[in-house]
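Residue 83 in the working numbering sits at position 77 of the sequence shown, and the numbers go up by one each step. Backbone N, C-alpha and C fix where the C-beta goes; we use that ideal spot for every residue, glycine too. Given the structure is predicted, the values throughout are model-derived calculations rather than measurements.
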Amino acid sequence: MRSILNVSDLNFKEINRIISLDYQNNFLNGKNIGLIFEKPSTRTRLSFSVGINQLGGNFIDIKFNELNLSRDESFEDTFRALNCYLDGLIYRTTNHNNLIEAKKFFDKPIINALSDKSHPCQAISDLLTLKEHFNTFDLNILWMGDMNNVCFSLVEAAYLIDEINLVICTPEAISKNTQWVTASNILIINNIKDIDLKSINCVMTDVFVSMNDKDGEEKVSLLQSYSVNNDLMSKTAFNSIFMHCLPAKVGYEVTEEVLRGPKSIVWKQAYNRMVAQKKLLQFIYQ
Ligand code: CP
Ligand code: NVA
Numbered sequence: 007m008r009s010i011l012n013v014s015d016l017n018f019k020e021i022n023r024i025i026s027l028d029y030q031n032n033f034l035n036g037k038n039i040g041l042i043f044e045k046p047s048t049r050t051r052l053s054f055s056v057g058i059n060q061l062g063g064n065f066i067d068i069k070f071n072e073l074n075l076s077r078d079e080s081f082e083d084t085f086r087a088l089n090c091y092l093d094g095l096i097y098r099t100t101n102h103n104n105l106i107e108a109k110k111f112f113d114k115p116i117i118n119a120l121s122d123k124s125h126p127c128q129a130i131s132d133l134l135t136l137k138e139h140f141n142t143f144d145l146n147i148l149w150m151g152d153m154n155n156v157c158f159s160l161v162e163a164a165y166l167i168d169e170i171n172l173v174i175c176t177p178e179a180i181s182k183n184t185q186w187v188t189a190s191n192i193l194i195i196n197n198i199k200d201i202d203l204k205s206i207n208c209v210m211t212d213v214f215v216s217m218n219d220k221d222g223e224e225k226v227s228l229l230q231s232y233s234v235n236n237d238l239m240s241k242t243a244f245n246s247i248f249m250h251c252l253p254a255k256v257g258y259e260v261t262e263e264v265l266r267g268p269k270s271i272v273w274k275q276a277y278n279r280m281v282a283q284k285k286l287l288q289f290i291y292q
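This is how it looks when you write it as structure tokens:
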């Protein structure tokens with residue numbers, strides 16, 4: 007049974023298998039899966055909780071602050087104890103290394119529910135949404151804004167799926183400090199004028215300031231001209247879409263008109279988080 011800490015824990019064939027899996031309703035019968043969220047969550051927590059219920063399993067919402075970890079029990083002993091009871095863990099953490107450490111002491115599947123480094127569940131779900139919408143991965147995707155955890159997982163997905171052409175448009179101050187995997191289908195630019203927007207099928211963005219960011223004010227000022235607005239969307243392909251993992255900070259990374267406009271498929275995206283989560287659980291536990 008597999009843990010999914012990053013998109014790169016999967017290969018292209020497995021991603022396709024997950025996306026096309028038909029889950030069975032009682033598949034998780036008798037399975038107890040713990041949810042640990044060190045940071046806030048609406049979609050990931052709820053879509054996993056309801057998804058596990060729908061698959062006939064039990065989810066246990068483990069309040070991070072109520073664990074004896076908060077009274078100095080070691081990380082090792084905490085995860086060894088969880089290992090005695092649970093069949094799996096869905097874990098959102100402020101520090102990606104916690105996932106790697108937890109894996110040493112918890113020998114059943116761990117799913118990264120977002121870390122400072124990556125958000126694989128969001129990427130898998132967004133691939134499902136793109137495939138449903140366009141029926142192909144042969145797409146030109148423009149990521150606008152910060153090179154954050156959601157962007158990192160998208161880059162990892164593009165690295166595995168070479169049909170995807172991904173352009174990341176971000177300030178130089180951000181791109182020059184970010185060393186990620188590169189490939190011929192992944193391009194980083196600092197100025198939107200450097201690409202032909204007419205070929206863009208999908209524009210994606212995320213908040214300027216992520217939950218983990220300490221340099222919030224600096225990011226907002228760096229990124230203010232990287233907002234997705236109607237002017238930008240109107241220059242993209244006639245059938246282009248707008249995607250955002252949510253939560254959105256309207257007026258910053260996206261305008262109200264785009265977020266609620268006809269090209270936006272953000273609620274399809276949010277709904278698909280639960281569909282994708284169930285497919286992922288079926289893939290892991292089958
Ligand atoms: N997109 C996403 O992961 O949302 P939540 O932070 O609400 O879980
Ligand atoms: N990049 C955002 C994603 C939230 C789902 C964050 O980490 O806060």
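Chain-order list of residues whose beta-carbon lies under 6 Å from that of residue i (same chain, five-residue window excluded)
{"i": "residue 241", "result": "203"}
{"i": "residue 85", "result": "108, 111, 112"}
{"i": "residue 263", "result": "236"}
Beta-carbon proximity list for residue i, same chain, < 7 Å, skipping 5 on both sides
{"i": "residue 151", "result": "176, 211, 212, 214, 229, 232, 259"}
{"i": "residue 274", "result": "135"}
{"i": "residue 23", "result": "289"}
{"i": "residue 62", "result": "31, 32, 33, 34, 35"}
Span of the alpha helix (DSSP H) around residue i
{"i": "residue 176", "result": "First-last for residue 176: undefined, no H or E at that position."}
{"i": "residue 194", "result": "Where residue 194 is concerned, there is no enclosing alpha helix (DSSP H), although the beta strand (DSSP E) it sits in stretches over 192-195."}
{"i": "residue 278", "result": "272-291"}
{"i": "residue 134", "result": "126-140"}
{"i": "residue 160", "result": "155-166"}
{"i": "residue 228", "result": "222-229"}
Cβ-Cβ distance between residue i and residue j below 8 Å
{"i": "residue 197", "j": "residue 164", "result": "no"}
{"i": "residue 50", "j": "residue 119", "result": "yes"}
{"i": "residue 80", "j": "residue 154", "result": "no"}
{"i": "residue 297", "j": "residue 247", "result": "Outside the displayed span of the chain (7 to 292) sits residue 297, for which this structure offers no information."}
{"i": "residue 116", "j": "residue 105", "result": "yes"}
{"i": "residue 209", "j": "residue 226", "result": "no"}
{"i": "residue 195", "j": "residue 243", "result": "no"}
{"i": "residue 42", "j": "residue 18", "result": "no"}
Endpoints, the beta strand (DSSP E) within which residue i is located
{"i": "residue 210", "result": "208-211"}
{"i": "residue 24", "result": "Counting along the chain, residue 24 falls outside any beta strand (DSSP E), though it belongs to the alpha helix (DSSP H) covering 18-26."}
{"i": "residue 38", "result": "38-43"}
{"i": "residue 148", "result": "146-150"}
{"i": "residue 118", "result": "116-118"}
Same chain, Cβ closer than 8 Å to residue i, five either side skipped, listed in chain order
{"i": "residue 265", "result": "248, 250, 254, 256, 272"}
Every unbroken alpha helix (DSSP H) within the stretch 236-268, with a cutoff of 4 residues, ordered by chain: The alpha helix (DSSP H) runs of length 4 or more contained entirely in the stretch 236-268 are, from start to end of the chain, 236-240, 262-265.
In chain order, what are the residue ranges of uninterrupted alpha helix (DSSP H) at least 4 long that sit wholly in the stretch 48-106? Taking 4 residues as the minimum length, the alpha helix (DSSP H) runs contained wholly in the stretch 48-106 are 49-60, 81-91, in order along the chain.
Specify which residues have a beta carbon nearer than 5 Å to any heavy atom of the ligand CP, listing them in chain order. Answer in sequence order: 47, 48, 49, 50, 251.
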